[in-house]
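According to this note's numbering, the residues represented by the sequence shown are 69 to 297, in order.
Yeah, the Cβ is synthetic: ideal placement off N, Cα and C, and Gly gets one too.
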Amino acid sequence: MTEDTSTPSQRLWTEVDQYLSAAMVPPVAAIEQALADAEAAGLPPINIEANQGRFLELLVRMSGAKRVLEIGTLGGYSTLWMARGLGEDGQLVTLELEKACADVAQANFQRAGAQEQIQLRLGPALDSLQAMIAEGEAPFDFIFLDADKENYPNYLPLIMQLSQAGTVLVADNVVRGGQVIDQSSTEANVIGTRRFNQMLGENPRLDATALQVVGAKGHDGLAFALVTA
Ligand SMILES: C[S@@+](CC[C@H](N)C(=O)[O-])C[C@H]1O[C@@H](n2cnc3c(N)ncnc32)[C@H](O)[C@@H]1O
């Protein structure tokens with residue numbers, strides 16, 4: 069038995085996440101199984117939580133999005149929540165670097181009956197985004213950024229090329245346990261996140277904000293931006 073070394077705050081945040089999910093998040097068998105299969109395949113448990121997945125589903129529904137782009141698939145857990153928000157006539161493209169993750173995700177999409185709706189592009193997301201721009205990919209209505217944080221500043225200009233007025237951008241992990249306020253950090257993830265947050269604030273085509281989040285995965289945050297032109 070492993071010793072529980074979590075802090076009282078962390079235990080409370082985890083229990084509140086569990087309580088909120090139990091109270092409001094409907095159990096969706098194919099999405100729960102996707103998470104179980106990702107764990108069984110040995111993928112790292114760095115997926116969003118169920119209440120956040122439901123939040124993304126609701127944001128997709130509220131924005132009326134019909135085309136969603138995700139950067140960072142892992143086992144397809146967040147992908148399936150957003151696909152649920154899209155309805156049957158929506159399309160989702162998700163980008164993943166690792167074949168092991170992509171294989172688990174594709175099997176999860178298949179089991180959920182979402183394989184026609186979700187296109188997974190394997191490879192470094194910077195390459196996939198550049199290829200999509202070169203291919204004349206239509207703009208997306210909703211974009212969820214949840215991949216390597218050091219590249220967030222490099223993703224943003226490409227994301228902007230795949231956006232139009234009204235596109236909603238959500239980016240995960242922009243607080244990093246508060247490390248994001250450390251101006252002298254030498255950590256690539258922190259430097260990338262700080263630069264990205266600044267770029268969101270400075271881009272004249274974006275209206276942006278960010279919220280801190282505590283939960284089962286600790287203290288972090290989500291950034292939100294609306295493409296205005
Ligand atoms: C935090 S996980 C995504 C979690 C997922 N969105 C969820 O909540 O279920 C980040 C993912 O980004 C992928 N990734 C990291 N660097 C990448 C890159 N350069 N291009 C594409 N994907 C990348 C990782 O392999 C990992 O699967």
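1. Determine contact between the segment 241-248 and the segment 259-277, defined as no fewer than three beta-carbon pairs at a distance below 8 Å.
2. Quick one, are the C-beta atoms of Trp81 and Val242 less than 8 Å apart?
3. For Leu274, which option in Ile116, Leu163, Ile227 has the closest C-alpha, if you only look at C-alpha atoms?
4. Just to check, is the beta-carbon of Ala140 closer than 7 Å to a non-hydrogen atom of ligand 1?
5. Would you report the Cα separation of Met130 and Val236, rounded to the nearest angstrom?
6. Is it buried or exposed, Gln120, if we count other Cβ atoms within 10 angstroms and call 16 or more buried?
7. For Ala167, count the other beta carbons within 10 Å of its own beta carbon; 16 or more makes it buried, fewer makes it exposed. Which is it?
8. Quick check: the Cα distance between Leu294 and Asp209, rounded to an integer number of angstroms?
9. With a threshold of 16 other CB atoms inside 10 Å of the CB of Asp85, please say whether the residue is buried or exposed.
10. Tell me where the alpha helix (DSSP H) around Gln101 begins and ends.
11. So for Glu184, helix, strand or coil by DSSP?
12. What are the residues that DSSP puts in a beta bridge with Thr261?
13. Relative to the C-alpha of Ala256, which candidate in Glu205, Val161, Val238, Asn222 has its C-alpha closest?
14. Whole angstroms are fine: how far does the CA of Glu117 sit from the CA of Ala284?
15. What is the residue span of the alpha helix (DSSP H) that Leu197 lies within?
16. Once you ignore the five residues that flank Arg152 on each side, which residues in its own chain have a CB closer than 6 Å to its CB?
Well, looking at it:
1. Touching, per the Cβ criterion.
2. Start at 1 with the first residue of the sequence shown, and residue 81 comes out as number 13. Start at 1 with the first residue of the sequence shown, and residue 242 comes out as number 174. The answer is no: Cβ separation not under 8 Å.
3. Along the sequence shown, read from residue 1 onward, the residue named residue 274 stands at position 206. Ranking Ile116, Leu163, Ile227 by Cα distance to Leu274 puts Ile227 first.
4. As a first step, residue 140 is located in the sequence shown; it is residue number 72 there, counting from the start. Looking at the sequence shown, residue 140 is not Ala but Gly. Yes, since a heavy atom of ligand 1 falls inside the 7 Å radius drawn around the Cβ of Gly140.
5. Here residue 130 is taken as the residue at index 62 of the sequence shown, counted from 1. Here residue 236 is taken as the residue at index 168 of the sequence shown, counted from 1. CA-to-CA, the gap between Met130 and Val236 works out to about 11 Å.
6. As a first step, residue 120 is located in the sequence shown; it is residue number 52 there, counting from the start. Buried is the call here.
7. On the sequence shown, residue 167 is found 99 positions in, with the first residue counted as 1. Checking the sequence shown, residue 167 turns out to be Lys, not Ala. Classified as exposed, Lys167 has fewer than 16 neighbouring CB atoms from the shown chains inside 10 Å of its CB.
8. Within the sequence shown, residue 294 is the residue found at index 226, counting from 1. Within the sequence shown, residue 209 is the residue found at index 141, counting from 1. The C-alpha of Asp209 is placed about 10 Å away from the C-alpha of Leu294.
9. Numbered from its first residue, the sequence shown carries residue 85 at position 17. Classification for Asp85: buried.
10. The sequence position of residue 101 within the sequence shown is 33, counting from 1. 97-108 is the span of the alpha helix (DSSP H), which, as asked, contains Gln101.
11. Within the sequence shown, residue 184 is the residue found at index 116, counting from 1. If DSSP states are grouped into helix, strand and coil, Glu184 belongs with coil.
12. By 1-based counting over the sequence shown, the position of residue 261 is 193. Paired residue(s): none; Thr261 is not in a bridge.
13. Mapped onto the sequence shown, residue 256 falls at position 188. Among Glu205, Val161, Val238, Asn222, the Cα nearest to that of Ala256 belongs to Asn222.
14. Start at 1 with the first residue of the sequence shown, and residue 284 comes out as number 216. Start at 1 with the first residue of the sequence shown, and residue 117 comes out as number 49. In this model, Ala284 and Glu117 are separated by some 7 Å (Cα to Cα).
15. Residue mapping note: residue 197 aligns to position 129 of the sequence shown, counting from 1. From DSSP, the alpha helix (DSSP H) with Leu197 extends over 193-202.
16. Locating residue 152 in the sequence shown gives position 84, counting from the first residue. The answer, listed in chain order, is Glu125.
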